[in-house]
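To keep things clear, I will list the structure first and then write my remarks on it.
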Amino acid sequence: MKDYESILKKYYREYLNREPDLEGFRYFLSLLKNGSIDEKALKNEFVNSPEYKINQLTLQYEKNLKIKIEKNDKIFYVDSSNNANFWAQLQVGIWEPETFKIFDIFLDKNHSYIDLGSWIGPTVLYGCQIAKFCYAIEPDPVAFRYLKNNVEINHTLCSQIRLSNQCITNFSGTVHLTPKDKKGGDSMSSIVFEKSSKSWKVQGITFQEFVLENSIKDCNFIKMDIEGGEFLVLPNMKEFLHREKPTIHLSLHTPLIKNPHDYLKNIYEIILEYDFVYDNKLKNLEKEFIFREENFNKFFDIVITNKNIHEK
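For what it's worth, UniProt numbering labels the leading residue of the sequence shown as 1, then goes sequentially.
As structure tokens, then:
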């Protein structure tokens, strides 16, 4: 009888460049032993897997610093020197496909949108091709450097984007932004983390001040992914939200704060101003959904809007 365990371990190393995970190993081993698949079929499983495709693209991207990204019918270019694996995940379709669908539905050429927490630019370079204009905000100095570089590579898109390294918060003045690791630039820096020796001092500004400084009068969509900062920023935006009623694509990071129920009450008050709440797959939610205890220990996205996307 063939040594299927050794064969399977070899395939993991050869095609996925790693040791087997227990669940996957047991699954494929059972298929081999009961004859459901042979070695040829096993190889096809591996080489057609998203993980294999991501690994191959990552190797390709690491050799070509300026790479072409095609997402749906949008094309843009990026410098992959620091984030090759991420761009490979996006190209294969693993990274947040729901976000791009949300952009496709809610952005339009008659309105601008504000991208709070732009990181290195995936949503900016996509969204600016759908919207009239994009205001991209990223206070992490490492991420902002990558974002600026990626935008500048796309000469035909630059005129549709305005970059800011300010930090939108609930007051004006110096803000301490703390990275999750020592380097920063990983999309997880936050103003809610405890100040430390690795924190940066960045310019803080309120949302209303940012709108006035940039003379924004046609915004109908806000993407907010700011690693817990949403609990400070969103309540401070009440006047603008009440007046303009933009759709809000909101990433909630409840595990990053203490007493999340109290903070979610403020978010709930804003939700009550709108007609609909959807999850990231655009499924209808009850407005009280955010108070479910299971949501206190996980990150999740919601869309708050007056647009009924399911209306026939």
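Even glycine gets a Cβ: it sits at the ideal position worked out from N, Cα and C.
Being a predicted model, the structure only gives us computed values, none of them experimental.
For residue 178 and residue 194, which I take to be in contact (beta-carbon distance under 8 Å), what is that distance rounded to the nearest angstrom?
7 Å
Residue ranges of each alpha helix (DSSP H) within the stretch 249–286, 4 or longer:
260–271
Within the continuous beta strand (DSSP E) that includes residue 164, where are the two ends?
161–164
Nearest-angstrom Cα separation, counted from residue 277 out to residue 107
17 Å
Would you mind listing the alpha helix (DSSP H) stretches within the stretch 89–154 that are 4+ residues and don't spill past its ends, in chain order?
97–106, 122–127 and 141–153
Contact check, residue 306 vs residue 274, beta carbons under 8 Å:
yes
Measure the CB-CB distance between residue 78 and residue 165 and report whether it falls below 8 Å.
no
State the CB to CB distance for the pair residue 117 and residue 138, rounded to an integer number of angstroms; the pair is presumed to be in contact (CB under 8 Å).
7 Å
Please classify residue 313 as buried or exposed, where buried requires at least 16 other C-beta atoms within 10 Å of its C-beta.
A question about residue 313 goes unanswered here, because the residues of the chain that appear run from 1 up to 312.
When DSSP builds the beta bridges, which residues end up paired with residue 177?
200
Which residues bound the alpha helix (DSSP H) around residue 47?
39–47
Can you say whether residue 230 is buried or exposed, counting buried as having 16 or more other CB atoms within 10 angstroms of its CB?
buried
So, do the stretch 51–58 and the stretch 32–43 have three or more beta carbon pairs nearer to each other than 8 Å?
no
Using a Cβ-Cβ cutoff of less than 7 Å, which residues in the same chain neighbour residue 295 once the five nearest sequence positions on both sides are dropped?
254
When DSSP builds the beta bridges, which residues end up paired with residue 222?
114 and 248
Taking C-alpha atoms, which residue in 112, 144 and 142 lies nearest to residue 129?
112
Member of 251, 288 and 252 whose CA lies at the smallest distance from the CA of residue 268:
288
Whose C-alpha, out of 83, 52 and 47, is nearest the C-alpha of residue 61?
83
Neighbourhood of residue 8 by C-beta distance below 8 Å, restricted to the same chain and skipping five residues each side
20, 25, 28, 29, 32 and 42
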